[in-house]
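S.K.: Residue numbers (our numbering), protein chains in the order written: chain A, 564 to 1283; chain B, 213 to 438.
A virtual CB, placed ideally from N, CA and C, is assigned to each residue, including glycine.
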């Protein structure tokens, strides 16, 4: 029986060299900056945070998937903008603005834009884009534009026509009036907070129009000078108690690329004020300077001597399976994986594995297979690797031929060929003959770490941050039964205190500030979950306990998601009881039966669609629509909106629940192995309508990373 | 080293900041970051020592296996690799700090754990050219991109050879030096091989990829030495 061919033993012999090389190799993960790019590789961002000259837009899009964050300010105005190039042509914007003195107060405004590239720049034709700024239509930035930009070497010229805000200076009668007279008048802005958030298409492209335009000149790859004529009169800012004055339609400025992602812009605006802006652009397709990561090298495939394949002598050795199991377990642990059950027959070896902190499932499969090739007797030709979630739910099985591994390890096209020869199937039905490991259960883990929680857009404190310590732990007494919980102690917070709710609905979320004011330790969550598989393609769980800071109760979910399907269907039913503000064990009177039927679909272009229809916490019925752009490195960026039978008026500010969301695995950014991820949903307003219970044990995201199409998407890492 | 360290520190701080943002510090990752940060700080003022100057044949004898010393100028690092496993004519070499390279007849066909690894390389033509076949030769490299997709880069290479003297195995050797100039649509690079009379590449400088730069290796010991 071949022994383990690990490098560990040799490490010990290399004592003299180890400290030396360890010190030197520490910096192996550092590398060069990405080479500088030509000035027009992506357009400059204007002071509205979108591709533009200074305050006016231009037509070129950002690079596909570019995510830009900008923060800029001038007289009594502070704008922060997120711009995401959703597709090569379509981009979306979320903007949060503070106007000091607008409407006689410290005014905060949130707005969403959409931009669409109608035509790419051609040899003789300009790039043409159309934009809907603040397309809710009732916000202060509401405006539409059609803009064309043409590049002449180092010079870029832009001209456009705008409506609404962009038609407010030197405007003329709307030329669209030739189609229908109603285009000539823009319905008056309602400008009441209760009206915001409604998409009022009856405003779009209405009212007076005006021309705008400008020039940009690239002095070199980093420095761009800009001059523009703006068609925005800043009428409402000028007439309010803000100090802003509009003296001239001409703006002058420059943009300087400090690093590949960081730009600094400065300008003299409207003949009255200086402005400055920093913007950072990040592309989720290239999140790290170390593609493939810096995690440790895999064990090589062990090549069987040809004459050994028919040797079955080892099958007579009674403890062979146990020796193989314990050695395999040790080697997988050294690579951050856990061996669950194991079984071996004359020609087949089966391993159930939890992939732990391995950054990709395909990479984990490749590594398990290589370790098995080092350990398994030569007669074993087939490896069956069952992938188990971190919570003990067996999901899928990858079947590999050992001779394929031997043949393809260093084959130039080894990744694709190994994918073509692998078989991915449901983990059910289970294969017989596997040993249940001794002493593997109970499993437990715990951590004590700082936490930083944040909430946004409270006008008294736009970013509320709370720093504290969190003790969390989980115990799995038997496979699939998980008890987990977390206790938090707030240390410091810049919270502006309790904000009384004005909601006419049951206060299912708007009392959130009451939950944040406790200075005592709080029970963040404490749940018991039983995961199980009722049958092929089907996954299920029952969770009871304290789900989240505001609700506890009982939750059941069933999910249908075949191993090779892009479509998943789920059903979840919960009984939720509102928790006391102190977040101890106590409950308050409000209880609700809430639940959703969900459909999930991952389209071939890596856009993910989700619909959840059902009953929400405030006993309202409706549906949530979500769309996310997903990257095969695990990063997801998306948006969601919920419409329920709560009227826009009863909902209050914002009219309906909506927001944008991010999911970023830390390993994608650093290249280092980690199972930490940042997950955030940003809502302009948190209200009570369309509020969904938060249950941390939902099945879909846990399950699908071990299935298709995710496995195929990352199969390039099989040999990494 | 200063710039390299600064980058490492920046990555660590990013990591820390993100862990904080995440509001969670699952398992030991948090501690790992603190430990890495501590090590990075501790190494701040230390002068770099050239491994080559302290290594002796006696030290290598303990390994009982062939050893090569690799230098990565772009990264400012040196790594010792020990021959591990053979698969056909592909030989994988492992470092004590868990990096790996794979050589085919002395020609680099893969790296692992470098960050920006060469996943595989088709060097059939290259090996024939090193053995004296007339060029030009085609070279095909495969890398992972930021989304874990394999990207294929092809290069056309030509060769020139001249007699030379090279240091390897702790002595001066009469060798043939082969220079390889490769050009592709995006990058071009130059490799050098010092080939002993036996046909073995005893020393070489080979380009891995844009993220890692070149790797220079020198054979320090052979099976025959043990």
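(1) Relative to the C-alpha of residue 1023 (chain A), which residue among A:663, A:625, A:1050 and A:926 is closest?
(2) Less than 8 Å between CB atoms is the rule here; does residue 409 (chain B) satisfy it with respect to chain A?
(3) Can residue 1078 (chain A) and residue 1040 (chain A) be called in contact, C-beta distance under 8 Å?
(4) Would you grab the beta carbon distance between residue 1197 (chain A) and residue 1167 (chain A) for me? Rounded to a whole angstrom, and I think it's under 8 Å.
(5) Any idea what DSSP makes of residue 272 (chain B), helix, strand or coil?
(6) Per DSSP, residue 1171 (chain A) is paired with what?
(7) Assuming residue 730 (chain A) and residue 794 (chain A) make a contact with CB atoms under 8 Å, what is their CB distance in whole Å?
(8) Can you give me the C-alpha to C-alpha distance between residue 980 (chain A) and residue 438 (chain B), rounded to a whole angstrom?
(9) Closer than 8 Å between beta carbons: that is the criterion. Which residues of the stretch 310–334 of chain B meet it against chain A?
(10) What number of angstroms, rounded off, separates the C-alpha of residue 863 (chain A) from the C-alpha of residue 277 (chain B)?
(11) Scan the stretch 348–372 of chain B for residues whose Cβ lies nearer than 8 Å to a Cβ of chain A and list them as they occur along the chain.
(12) In angstroms with no decimal places, state the Cα-to-Cα distance between residue 1048 (chain A) and residue 677 (chain A).
(13) Buried or exposed for residue 1052 (chain A), going by 16 or more other Cβ atoms inside 10 Å?
(14) For the beta strand (DSSP E) containing residue 737 (chain A), list its first residue and its last residue.
(15) Under 8 Å, Cβ to Cβ, is there at least one residue of chain A near residue 434 (chain B)?
(16) Check each residue of the stretch 291–308 of chain B: if its Cβ is closer than 8 Å to any Cβ of chain A, include it; give the result in chain order.
(17) Cutting at 6 Å between CB atoms, please list the residues of its own chain near residue 629 (chain A), excluding the five before and the five after it.
(18) Could you check how far apart the C-beta atoms of residue 1252 (chain A) and residue 1207 (chain A) are, in whole angstroms? I think they sit under 8 Å.
(19) Tell me, please, whether the CB atom of residue 423 (chain B) is closer than 8 Å to any CB atom in chain A?
(20) Verify the CB distance criterion: does residue 823 (chain A) have a CB-CB separation below 8 Å to chain B?
(21) Could you name the residues of the stretch 1268–1283 of chain A whose beta carbon sits closer than 9 Å to any beta carbon of chain B, in the order they occur along the chain?
(22) Tell me the start and end of each unbroken beta strand (DSSP E) in the stretch 896–935 of chain A that is at least 3 residues and wholly inside, in chain order.
(23) For residue 688 (chain A), does the count of other Cβ atoms within 10 angstroms reach 16, so buried, or fall short, so exposed?
(24) Contact criterion: CB-CB distance below 8 Å. Does residue 1181 (chain A) meet it with respect to chain B?
(25) Determine the DSSP secondary structure at residue 852 (chain A), reduced to helix, strand or coil.
(26) Kindly indicate if chain B contains any beta-carbon less than 8 Å away from that of residue 866 (chain A).
(27) Suppose you measure from the CA of residue 775 (chain A) to the CA of residue 813 (chain A); what does that come to, to the nearest Å?
(28) Quick one, are the C-beta atoms of residue 1126 (chain A) and residue 987 (chain A) less than 8 Å apart?
(29) Buried or exposed: which applies to residue 430 (chain B), given that a residue is buried once 16 or more other Cβ atoms fall within 10 Å of its Cβ?
(30) Taking Cβ positions only, does residue 1165 (chain A) come closer than 8 Å to chain B?
(31) For residue 848 (chain A), return the contacting residues in chain B, with the cut-off set at a CB-CB distance below 8 Å.
(32) By the criterion of Cβ-Cβ separation under 8 Å, what are the contact partners of residue 1196 (chain A) in chain B?
(33) My parser needs the beta strand (DSSP E) runs of 3 or more residues fully inside the stretch 295–382 of chain B; what are they?
(34) Looking at chain E, which residues of the stretch 973–985 of chain A have a Cβ within less than 9 Å of any of its Cβ atoms?
(35) Taking only the alpha-carbon atoms, compute the straight-line gap between residue 1155 (chain A) and residue 1075 (chain A) and give it to the nearest angstrom.
(36) Exposed or buried, which one is residue 555 (chain A) when buried takes at least 16 other CB atoms within 10 Å?
M.R.: The short version:
(1) Reading the first chain from its first residue, position 460 is the one you call residue 1023 (chain A). Taking only the C-alpha atoms, the option nearest residue 1023 (chain A) is A:663.
(2) For this step, residue 409 (chain B) is matched to residue 197 along the second chain. No, its Cβ sits nowhere closer than 8 Å to a Cβ of chain A.
(3) Here residue 1078 (chain A) refers to the residue found at position 515 when the first chain is read from its first residue. Here residue 1040 (chain A) refers to the residue found at position 477 when the first chain is read from its first residue. Not a contact, by the Cβ cut-off of 8 Å.
(4) Taking the first chain and counting its residues from 1, the one referred to as residue 1197 (chain A) is at position 634. Taking the first chain and counting its residues from 1, the one referred to as residue 1167 (chain A) is at position 604. Between residue 1167 (chain A) and residue 1197 (chain A) the Cβ distance is about 18 Å, and since that is not below 8 Å, they are no contact.
(5) In the second chain, the residue the question calls residue 272 (chain B) occupies position 60. Note: residue 272 (chain B) maps to helix in three-state DSSP.
(6) Residue numbering aside, residue 1171 (chain A) sits at position 608 when the first chain is read from its first letter. DSSP links residue 1171 (chain A) through a beta bridge to A:1165 and A:1191.
(7) As a first step, residue 730 (chain A) must be located in the first chain, where it is residue number 167. As a first step, residue 794 (chain A) must be located in the first chain, where it is residue number 231. 6 Å between Cβ atoms; contact.
(8) In the first chain, the residue the question calls residue 980 (chain A) occupies position 417. In the second chain, the residue the question calls residue 438 (chain B) occupies position 226. C-alpha separation (whole angstroms): 39 Å.
(9) Of all residues in the stretch 310–334 of chain B, those with a C-beta nearer than 8 Å to a C-beta of chain A are 310, 311, 312, 314, 316, 321, 322, 324, 325, 326, 327, 328, 329, 331, 332, 333 and 334, reading in chain order.
(10) What you label residue 863 (chain A) is simply residue 300 of the first chain in a count that begins at 1. What you label residue 277 (chain B) is simply residue 65 of the second chain in a count that begins at 1. Taking the straight line from one Cα to the other gives about 16 Å.
(11) The residues in question are 352, 354, 355, 356, 357, 358, 359, 360, 361 and 362.
(12) Counted from its first residue, the first chain places residue 1048 (chain A) at position 485. Counted from its first residue, the first chain places residue 677 (chain A) at position 114. Residue 1048 (chain A) and residue 677 (chain A): Cα-Cα distance of roughly 41 Å.
(13) Along the first chain, read from residue 1 onward, the residue named residue 1052 (chain A) stands at position 489. By the neighbour-count rule (16 or more Cβ atoms within 10 Å), residue 1052 (chain A) is not buried but exposed.
(14) Residue 737 (chain A) sits at position 174 when you count from the first residue of the first chain. First-last for residue 737 (chain A): undefined, no H or E at that position.
(15) In the second chain, counting from the first residue as 1, residue 434 (chain B) sits at position 222. For residue 434 (chain B), the answer is no, since every Cβ of chain A falls outside 8 Å of its Cβ.
(16) 291, 292, 294, 296, 297, 298, 299, 300, 302, 304, 306, 307 and 308
(17) Within the first chain, residue 629 (chain A) is the residue found at index 66, counting from 1. The residues are 648, 844 and 846.
(18) Taking the first residue of the first chain as position 1, residue 1252 (chain A) is located at position 689. Taking the first residue of the first chain as position 1, residue 1207 (chain A) is located at position 644. Right, the Cβ-Cβ distance comes to about 6 Å (below 8 Å), so this counts as a contact.
(19) For the purposes of this step, residue 423 (chain B) is identified with residue 211 of the second chain, where counting begins at 1. Yes, residue 423 (chain B) lies at the interface with chain A (some Cβ there is under 8 Å from its Cβ).
(20) Here residue 823 (chain A) refers to the residue found at position 260 when the first chain is read from its first residue. So, not an interface residue.
(21) 1276, 1277, 1278, 1279, 1280, 1282 and 1283
(22) 901–907 and 911–917
(23) By one-based count along the first chain, residue 688 (chain A) stands at place 125. The residue in question, residue 688 (chain A), is exposed, as its Cβ has fewer than 16 Cβ neighbours within 10 Å.
(24) As a first step, residue 1181 (chain A) is located in the first chain; it is residue number 618 there, counting from the start. Residue 1181 (chain A) does not count as touching chain B.
(25) Numbered from its first residue, the first chain carries residue 852 (chain A) at position 289. Of the three classes helix, strand and coil, the one that applies to residue 852 (chain A) here is coil, per DSSP.
(26) In the first chain, the residue the question calls residue 866 (chain A) occupies position 303. Interface residue, yes.
(27) Translated into the one-based positions of the first chain, residue 775 (chain A) becomes position 212. Translated into the one-based positions of the first chain, residue 813 (chain A) becomes position 250. Cα to Cα, residue 775 (chain A) sits roughly 10 Å from residue 813 (chain A).
(28) On the first chain, residue 1126 (chain A) is found 563 positions in, with the first residue counted as 1. On the first chain, residue 987 (chain A) is found 424 positions in, with the first residue counted as 1. Contact: yes.
(29) The sequence position of residue 430 (chain B) within the second chain is 218, counting from 1. It is buried - the Cβ of residue 430 (chain B) has at least 16 other Cβ atoms within 10 Å.
(30) As a working note, residue 1165 (chain A) is residue 602 in the first chain. Chain B, which has no Cβ nearer than 8 Å to the Cβ of residue 1165 (chain A), makes this no.
(31) Counting from 1 along the first chain, the entry for residue 848 (chain A) is found at position 285. Those within 8 Å of residue 848 (chain A) in chain B are 357, 358 and 359.
(32) Position 633 of the first chain, counting from 1, holds the residue named residue 1196 (chain A). Neighbours of residue 1196 (chain A) on chain B, chain order: 358, 359 and 360.
(33) 302–306, 312–316, 319–324, 330–334, 349–356 and 362–380
(34) Looking at the structure shown, chain E is missing, and the protein chains on hand are A and B.
(35) As a working note, residue 1155 (chain A) is residue 592 in the first chain. As a working note, residue 1075 (chain A) is residue 512 in the first chain. If you take the alpha carbons of residue 1155 (chain A) and residue 1075 (chain A), they lie about 18 Å apart.
(36) The structure shown does not extend to residue 555 (chain A), since chain A is modelled only from 564 through 1283, so no value can be given for it.
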